[in-house]
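Encoded as structure tokens, the structure appears first; notes follow it.
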Amino acid sequence: MRASRRMFFGLVCALLAVVTLAGCTIGGAGGGGAAGTTEAPPPTSDARITVTPGPDTPVNPLDPVEVKVDKGTLTDVVMSNSEGEKVDGVMTPDKISWKTTEPLGYAKKYTIHATAVDAKGLSTDITKSVSTLTPSNKTKLYFETTGGGAMQDGATYGVGMVIVAHFDEPIKDKAAAQKTLSVTTSPHVDGAWNWVSDSTAHWRPKDFYAPGTKVTVNAKLYGVDVGGGMYGQEDESISFTIGDAHISVADDNTKTVTVKNNGQVVRTMPTSMGMGGTQSIGGRTLSFWTQPGTYTVLGKANPVVMDSSTYGLPINSRLGYKESINWATRISNDGIYLHALASTMWAQGNTDTSHGCLNLSPGNAEWFYNFSRIGDVVKVINTGGSPLQLWQNGDWSVPWETWVGGSAV
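Read in order, the letters of the sequence shown correspond to residues -22 to -1, 1 to 387 in mature numbering (1 follows the signal peptide of the UniProt record, and there is no 0).
Structure representation (structure tokens):
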């Protein structure tokens, strides 16, 4: 009996020992033993960086890209294109914001890497990308004379100079295109743009410039939608000065050209102008008048080959011609010149014999050639024929009220 009790007591103790050991093993695995320790996550920065616009919004290349931080300050912002070239930008003094300071390119992707710290000194950074819009087409602007030649930056032009803004594509939104154009003059000059075609606008003052006027023309065209998704290719700018007032009057009553420099007569030249009348050839009516109106000098050549077939009059016809002419100063887009022609000196001052040009003696033609500059004014009065048209170089023949009506703005 005592033996049985001792055996029972020993068995109970053994079972308790097993339970105790099992309990110790379980407690060590889940409750604080070295083998089960989990470290706390590192602290994160409170600073939050944002980039505007987002990656899904195509950016106009003129619009700034902006990086901002909330609950912190920016320590570094780098924006670069796909070639690794950095984009210029500026940080605000409080280092809360950064934005681009130069235009971006069309159809480009840029990467922005920005870093910021919060008040505890904890840092965070982001890397984002932005893309610029892709135009459906682009147009380039050229500043030209009304004769189609390129205007020269820094040149001196006459008091009747007309500025031509010629786009190499038809413009659908003329108002948008015109708003990119500005003309600044010193002293101030009232002037206006007039659209003469879908791709060309002319600017002229209300009255002739004063000698010495400084003129600057700007076209802030880049990044501007001028209709139908077509954007300006690049900005353009040109500056020029107005020279002395060269104003000549060709009077068919007296058959003379009177030339003034700043209001003073400097030369009176006998001339023979258009013989008058018309001729129909191939269904086209050709006029032989020197049309009345206010012209400007478009260019000069010495010599120039004059060919009647270029305006529809065959060389081998009764009135046709092709010859080399010296000291030729052009004043119209359809071939009117003041030029030398010794063979008509007998008629100069008394009889009109030309196809429309103003014939001068070689001496007078050479003098006028050397005296003239692009933009000088030549008025033709008391002749027959239809008035000078705008396309012929008749900008100054258009009444001012009609001229300003051609503006798109």
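For each residue, glycine too, the CB sits at the ideal point set by N, CA and C.
- Within the same chain, 37 and 108 come within 7 Å of residue 31 by CB-CB distance, once the 5 residues on both sides are set aside.
- Between residue 46 and residue 22, the C-beta gap is not smaller than 8 Å, which leaves the two residues out of contact.
- Straight across, the Cα-Cα distance linking residue 223 with residue 327 is about 25 Å.
- Residue 269 and residue 209 have their alpha carbons spaced roughly 40 Å apart.
- It is roughly 6 Å from the alpha-carbon of residue 102 to the alpha-carbon of residue 95.
- By the beta-carbon neighbour count (other beta carbons within 10 angstroms, threshold 16), residue 113 is buried.
- Taking a 10 Å sphere around the C-beta of residue 348, we find fewer than 16 other C-beta atoms and assign the residue as exposed.
- Secondary structure note for residue 76: its beta strand (DSSP E) is the uninterrupted segment 75 to 78.
- In this structure, DSSP gives residue 59 an extended state, which the three-state scheme calls strand.
- Each residue's CA atom was taken as its position, placing residue 35 and residue 145 some 29 Å apart.
- Note that the C-beta distance between residue 306 and residue 315 is below 8 Å.
- Per DSSP, the beta bridge partners of residue 203 are 209.
- Burial is judged here by how many other beta carbons sit within 10 angstroms of a residue's own beta carbon; residue 181 has at least 16 and is buried.
- By the Cβ neighbour-count rule, residue 70 is exposed, with fewer than 16 other Cβ atoms within 10 Å of its own.
- Relative to the Cα of residue 20, the nearest Cα in the group 242, 100 and 384 belongs to 100.
- By DSSP's assignment, residue 246 forms a beta bridge with 236.
- Cβ atoms of residue 332 and residue 284 stay farther apart than 8 Å, at about 11 Å.
- Annotated as proximal: residue 93 and residue 54, with beta-carbon spacing under 8 Å.
- The residues 192, in chain order, have a CB closer than 6 Å to that of residue 164 in the same chain once the five nearest residues on each side in sequence are set aside.
- Sequence-distant partners of residue 371 (beyond 5 residues in either direction) whose C-beta falls short of 8 Å from its own C-beta, in its chain, are 124, 125, 273, 274, 276, 309, 310 and 311.
- In the DSSP assignment, residue 147 falls outside any beta strand (DSSP E) and carries neither an H nor an E.
- The C-beta distance from residue 202 to residue 158 rounds to 5 Å, short enough to fall under 8 Å.
- According to the DSSP secondary-structure assignment, residue 340 is paired through a beta bridge with no residue.
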